[in-house]
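Read through the structure below, which is laid out as structure tokens, and then see the notes.
Number of protein chains: 2
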Amino acid sequence: MQSVTMSDVAAKAGVSPSTVSLYLRRPQSVSVAAGRMIAAAIEALNYVPNFVAGGLAAASSRAVSVIVPSVRNAFFAETVSALQSALRRERLQVILSHTEYDEREEEDLVRMALSWAPAAIVLTGLSHSVGTRRMLASSPVPVIEIWELGAEQIDAAVGFHHDQVGEAAADHLVAQGRRHLAFLGARMHEDRRARLRCDGFVAAAQRKGVTVAVVEHAAPASAEVGSMMLAQALQQHPDIDGIACSNDHVALGVLFACERARIVVPEKLALIGFGDLGFTAACNPPLTTIRPSGDLIGREAARLILDRRLGKPWEGGRISIDTRFTLLHRHSS
Amino acid sequence: MQSVTMSDVAAKAGVSPSTVSLYLRRPQSVSVAAGRMIAAAIEALNYVPNFVAGGLAAASSRAVSVIVPSVRNAFFAETVSALQSALRRERLQVILSHTEYDEREEEDLVRMALSWAPAAIVLTGLSHSVGTRRMLASSPVPVIEIWELGAEQIDAAVGFHHDQVGEAAADHLVAQGRRHLAFLGARMHEDRRARLRCDGFVAAAQRKGVTVAVVEHAAPASAEVGSMMLAQALQQHPDIDGIACSNDHVALGVLFACERARIVVPEKLALIGFGDLGFTAACNPPLTTIRPSGDLIGREAARLILDRRLGKPWEGGRISIDTRFTLLHRHSS
DNA sequence: GTGAAAGCGCTAACAT
DNA sequence: ATGTTAGCGCTTTCAC
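Residue numbers (the numbering used here), protein chains in the order written: chain Y, 5 to 337; chain R, 5 to 337.
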């Protein structure tokens with residue numbers, strides 16, 4: 005079926021297939037002479053190894069299954085990108101799928117993921133259906149949960165505490181002298197992490213003794229939704245002087261709406277976003293925001309996967325890595 | 005190695021493994037009675053099929069290899085998302101990788117892609133290394149090139165003509181009475197499609213007899229780069245009254261910079277972007293832009309792959325689908 | 001360091 | 001409609 009196979013290479017190089025296999029996986033375990041012959045044969049025949057056959061024989065494929073809520077979300081895109089770059093060096097490939105924030109969907113995708121006998125499965129968040137947990141528990145595949153910390157984890161987890169993000173935002177606004185806060189959140193009924201940031205914000209504000217309001221919108225985060233939520237917030241609580249948003253898209257919309265309503269930021273209203281998306285530094289005024297470590301999450305997850313492949317087990321069976329976040333104080337607050 | 009296999013299911017259901025296999029692939033080809041027994045056995049044993057073994061036996065896996073320049077790019081993210089959603093229904097999965105706009109990298113990724121014996125390979129653009137073309141030509145795997153039309157294609161292509169985008173932008177600005185145009189382009193030495201848009205813009209402007217300047221920047225598109233390019237453009241050509249940008253991030257930066265410099269858009273300067281990214285409708289003023297059909301590209305690519313899997317060959321061996329684009333006239337022009 | 005042999009779990013003729 | 005059979009291309013003991 006396949007034009008040129010490992011046997012062809014072996015024949016041409018004058019060695020056995022198993023030597024070629026060994027050479028491909030651990031070149032240093034093969035004599036230099038044999039290695040050179042094999043390399044020449046591969047080159048001459050233009051041999052492309054078959055990962056599928058390899059995966060079947062080894063009972064573990066070169067795939068890493070990654071399941072995120074949405075590929076279009078810049079946060080996850082960054083993590084996926086970093087993960088891929090790091091895995092690529094070890095010739096592991098990412099099988100990507102998205103749940104659209106649906107746990108039932110996730111369960112089905114996990115089942116499909118297991119069908120690939122992947123080297124690892126990467127899931128977003130710590131909240132999964134019972135079925136998902138059961139499947140994963142009864143499988144030997146390492147599981148890494150990303151982008152959240154602070155609840156029970158299946159295996160390894162790499163992320164940060166979203167309630168701490170909310171807390172940091174509230175502390176920051178209060179430190180800037182604001183006494184009437186609001187949190188504008190998009191799609192918080194589905195996006196558990198946005199909800200956690202909101203909860204952390206409200207709790208911290210209450211501890212500091214300032215007033216705090218929450219405005220939500222069911223639609224996904226966007227500038228338009230941000231503009232709408234600002235209007236609603238000001239209508240209900242005209243004295244608001246500090247706003248945190250569930251992410252930078254929302255904050256951008258608030259910024260635009262303020263401009264149209266001639267509300268001066270930050271004098272009249274201090275604003276803080278979340279995400280440090282591309283436009284934040286270039287806005288008028290530049291947007292104060294909290295930068296999550298999306299890139300680092302990807303790199304650390306890859307490191308865990310590679311360590312595990314090399315046989316290093318995770319200490320105590322469970323491991324969690326806190327990648328933290330950074331508050332970037334710009335001119336909107 | 006695997007806890008429960010197809011044979012286990014067959015034994016429990018009282019049929020042969022091949023019947024189970026058949027049931028899994030074409031349920032309607034199996035008697036209702038047998039089907040019920042098999043379904044019950046699968047349920048009871050919690051059977052998870054092994055795609056790797058299946059792929060080896062069938063000499064074609066349930067993977068579709070997708071290679072894009074960057075996962076973080078919202079355009080490709082949209083296409084990948086749509087592609088995934090559509091393929092998912094047929095239980096095909098996307099193996100994603102990114103080239104970072106490097107053709108050598110792409111060649112290596114195509115080699116790895118072939119290692120999976122994928123149902124299809126999806127590549128971005130029509131420009132590839134000789135090695136890439138050679139490998140793909142000598143393989144039976146269907147190839148779909150996306151996001152570009154107008155040059156020689158390997159197999160199928162789904163996308164649009166970027167020079168037509170540039171042309172549409174120029175025509176629009178001229179129709180708005182602008183006579184001194186400029187194109188601001190980011191990373192055009194690598195992003196061939198941005199270059200094509202630029203070329204189309206310049207050619208159309210010249211045909212209309214208006215002046216046209218080009219400002220480039222090597223960095224990836226961002227609002228900051230947009231602000232910088234605007235400054236440079238106005239310094240070199242103070243009389244510019246219409247600007248097209250290689251994408252909306254750049255246009256957003258221009259908008260911010262105009263605001264700071266008290267340049268009124270669109271009265272003093274008409275602006276058009278590309279991409280219809282999330283923020284364009286919410287900006288001040290809302291940004292005129294050109295919406296590419298990123299989503300449609302993904303859906304059409306999926307359709308071709310699915311058709312091909314069902315045995316429908318593409319007419320004449322080659323097929324190209326023009327997904328077009330739409331100019332959205334808002335208030336920035 | 002290298003080779004022989006035995007599968008990995010499934011699909012796809014083919015026969016019934 | 002169902003079962004029998006023969007691999008798919010590789011990895012991995014286990015000898016040597």
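Even for Gly, the Cβ is constructed at its ideal location relative to N, Cα and C.
In terms of Cβ geometry, residue 162 of chain Y and residue 150 of chain Y form a close pair [threshold 7 Å]. Taking the Cα positions, residue 220 of chain R is about 46 Å away from residue 146 of chain Y. Ranked by Cα distance from residue 73 of chain Y, the first of Y/64, Y/111, Y/54 is Y/111. The alpha carbon of residue 97 of chain R has as its nearest neighbour, out of R/108, R/126, R/106, the alpha carbon of R/126. Between residue 55 of chain Y and residue 106 of chain Y, the alpha-carbon positions lie close to 31 Å from each other.
Identification of chain R residues near residue 54 of chain Y by a Cβ-Cβ cut-off of 7 Å yields 119, 121, ordered along the chain.
In the three-state reduction of the DSSP assignment, residue 292 of chain Y falls in the strand class. With respect to chain Y, the C-beta atom of residue 79 of chain R has no partner C-beta closer than 7 Å. Chain-ordered, the chain R residues with CB closer than 7 Å to the CB of residue 84 of chain Y read 75. Cβ contact annotation for residue 79 of chain Y (same chain, cutoff 6 Å, sequence separation greater than five): 298, in chain order. Close to chain R, meaning a Cβ-Cβ distance shorter than 7 Å, are the following residues of the segment 257-269 of chain Y: 257, 260, 263, 264. For residue 262 of chain Y, there is no enclosing beta strand (DSSP E); the enclosing alpha helix (DSSP H) has its first and last residue at 252-264. Residue contact with chain Y for residue 236 of chain R: absent (no Cβ-Cβ distance below 7 Å to any residue of chain Y). Taking C-beta separations shorter than 7 Å and ignoring five residues to either side along the sequence, the partners of residue 175 of chain Y in its chain run 208, following chain order. Going by beta carbons, residue 205 of chain R and residue 248 of chain R fall inside the 7 Å limit. From the listed residues Y/31, Y/181, Y/135, Y/38, the smallest Cα separation to residue 15 of chain Y is found for Y/38.
In this structure, DSSP gives residue 124 of chain Y an extended state, which the three-state scheme calls strand.
When the Cα atoms are used, residue 306 of chain Y and residue 91 of chain Y turn out to be separated by approximately 6 Å.
Per the coordinates, the alpha-carbon of residue 191 of chain Y lies some 5 Å from the alpha-carbon of residue 224 of chain Y. In this chain, the beta strand (DSSP E) harbouring residue 329 of chain R covers 329-332.
Our two residues, residue 20 of chain Y and residue 11 of chain Y, have alpha carbons roughly 8 Å apart in a direct line. Taking CB atoms only, residue 100 of chain R has a neighbour in chain Y less than 7 Å away.
Residues of the segment 216-246 of chain Y with a Cβ closer than 8 Å to any Cβ of chain R, in chain order: 226, 227, 228, 230, 231.
In this chain, the alpha helix (DSSP H) harbouring residue 228 of chain Y covers 227-240. Ranked by Cα distance from residue 120 of chain R, the first of R/172, R/270, R/66 is R/66. Of R/52, R/153, R/182, the smallest CA-CA separation from residue 114 of chain Y is found for R/52. Burial state of residue 314 of chain Y is exposed, judged by a 10 Å Cβ sphere holding fewer than 16 other Cβ atoms. For the segment 277-291 of chain Y, the residues whose beta carbon sits under 7 Å from a beta carbon of chain R are, in order, 282, 283, 285, 286, 287, 288. Cβ-Cβ distances below 7 Å link residue 164 of chain R to 153, 296, 297, 326, 327, 328, 329 in the same chain, with the five nearest sequence neighbours on each side left out; the list follows chain order.
Counting along the chain, the unbroken alpha helix (DSSP H) around residue 107 of chain R starts and ends at 107-118. At a cut-off of 7 Å, the C-beta of residue 198 of chain Y has no neighbouring C-beta in chain R.
The beta carbon of residue 157 of chain Y is closer than 8 Å to those of 130, 149, 322, 324 in its chain, skipping five residues each way along the sequence. From the listed residues R/32, R/259, R/40, R/217, the smallest Cα separation to residue 289 of chain R is found for R/259. Counting only unbroken stretches of 4 or more residues, the alpha helix (DSSP H) elements lying wholly within the segment 51-78 of chain R are 55-62, in sequence order.
Secondary structure in the segment 296-323 of chain R: the alpha helix (DSSP H) runs of 4 residues or longer, each lying completely within the stretch, are 298-313 in chain order. Residue 261 of chain R has its alpha-carbon roughly 7 Å from the corresponding atom of residue 234 of chain R.
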